[in-house]
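Numbering (the numbering used here), first residue to last: 113 to 444. Comments concern the structure below.
See below:
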């Protein structure tokens with residue numbers, strides 16, 4: 113953005129109206145797909161394209177959406193609404209409902225809404241740290257950013273974007289998950305390779321080996337193990353074991369300009385990352401306390417059990433946030 117020009121605000125009347133409208137659309141899409149096929153789509157690019165399209169309308173009130181930063185605000189809103197409605201709210205309250213504990217639906221809903229606000233704040237605090245470097249793939253974000261950039265530059269890039277969109281729509285109409293195909297070109301090669309191996313084993317384990325690995329809970333165990341490994345990695349980063357040692361002042365060798373450009377230093381150092389994670393843990397524990405009081409959970413537990421539940425809920429909420437962040441960073 114050029115110097116002297118103020119960044120658009122999310123609460124500008126036009127941006128707020130557009131964000132609310134696209135958020136409602138994103139929530140509907142998320143709820144529909146998670147109940148039908150069990151997945152939540154990435155709707156950020158839909159929000160960006162809507163904003164781009166509105167900006168092309170030759171009416172003065174819509175011209176503001178030609179600004180890429182307003183387009184970015186809209187795509188952020190629709191993406192957040194999609195995942196919050198589907199993964200956070202519906203999925204969480206669906207678990208007690210299916211298990212027959214319908215009286216727990218409201219407590220679950222209160223808890224996940226509190227956790228959602230803390231979760232978003234935590235993601236903002238720790239982005240571009242050694243745990244979540246901005247230089248890593250972040251496939252959905254890169255895809256959306258490239259779409260916005262291509263539309264802004266127009267020309268050949270915009271045509272390629274249009275051709276890709278037409279091809280993706282055609283494949284999706286035929287029942288082929290084109291969005292997954294697109295992610296494979298952007299995501300971390302190891303993450304996508306493991307994903308592909310898992311799909312192959314899931315599909316052919318019965319005809320080739322006569323064993324349904326899903327019924328043996330093998331995938332569940334692998335995911336738990338990978339999650340534990342991710343937590344260990346994050347703990348090592350926080351403790352500074354993976355941070356690079358600073359060169360001593362007496363060293364006669366200074367880094368070249370090329371080395372300085374290649375190795376980008378995170379804007380959130382390990383010390384600040386640790387402080388922010390501890391702050392997030394405190395917020396999650398506080399949220400668990402509020403949930404226990406608001407839902408009457410404390411009436412069925414003694415003091416020790418209640419304290420244990422609050423600490424467990426707060427800690428697991430933070431760990432879930434960190435694990436999901438790593439997944440989004442590598443594979444989207």
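Yeah, the Cβ is synthetic: ideal placement off N, Cα and C, and Gly gets one too.
Query: Inter-residue Cα distance where the pair is residue 251 and residue 423; Result: 33 angstroms
Query: Residue nearest to residue 455 in terms of C-alpha spacing, selected from 157, 222, 117, 436; Result: Past the boundaries of the shown model lies residue 455; the chain is included only from 113 to 444, so the question cannot be answered.
Query: Under the three-state DSSP convention, the category residue 186 falls into; Result: helix
Query: Contact under 7 angstroms by Cβ, residue 403 with residue 223; Result: yes
Query: Residue span of the alpha helix (DSSP H) that contains residue 223, given as start and end; Result: 217-238
Query: Status (buried if at least 16 other CB within 10 Å, exposed otherwise) for residue 182; Result: buried
Query: Unbroken stretches of the alpha helix (DSSP H), 4 residues or longer, contained in the segment 144-217; Result: 156-167, 180-195, 203-210
Query: Cβ shell of residue 384 (< 8 angstroms), same chain only, five flanking positions each side left out; Result: 241
Query: Helix, strand or coil at residue 380 according to DSSP, with G and I counted as helix; Result: strand
Query: Residue 428, buried or exposed, once every other Cβ within 10 Å from all chains shown has been counted against 16; Result: exposed
Query: Cα-Cα separation between residue 136 and residue 321, rounded to whole angstroms; Result: 46 angstroms
Query: Cα-Cα separation, residue 187 to residue 419; Result: 40 angstroms
Query: Member of 130, 141, 198, 142 whose CA lies at the smallest distance from the CA of residue 165; Result: 130
Query: Nearest residue (CA-CA) to residue 216, options 263, 227, 204; Result: 204
Query: Under 7 angstroms between C-beta atoms of residue 430 and residue 390; Result: no
Query: Neighbourhood of residue 269 by C-beta, 7 angstroms cutoff - its chain only, sequence neighbours within 5 removed; Result: 262
Query: Residue 325: first and last residue of the uninterrupted alpha helix (DSSP H) it sits in; Result: Per DSSP, residue 325 belongs to no alpha helix (DSSP H) and is neither H nor E.
Query: Residue 247 (DSSP reduced to helix, strand or coil); Result: coil
Query: Cβ neighbours of residue 264 in the same chain (closer than 7 angstroms, five flanking residues each side left out); Result: 180
Query: Cut-off 6 angstroms between Cβ atoms - residues of its own chain near residue 324, not counting five sequence neighbours on either side; Result: 318
Query: Opposing strand residues paired with residue 241 [DSSP bridges]; Result: 380
Query: 7 angstroms Cβ cutoff met for residue 139 and residue 193; Result: yes
Query: Separation of residue 236 from residue 177, as counted between CA atoms; Result: 24 angstroms
Query: Residue 132, buried or exposed, once every other Cβ within 10 Å from all chains shown has been counted against 16; Result: exposed
Query: Test item: CB-CB of residue 425 and residue 400 under 7 angstroms; Result: yes
Query: Close Cβ partners of residue 434 (< 6 angstroms) along its chain, the five nearest in sequence each way excluded; Result: 346
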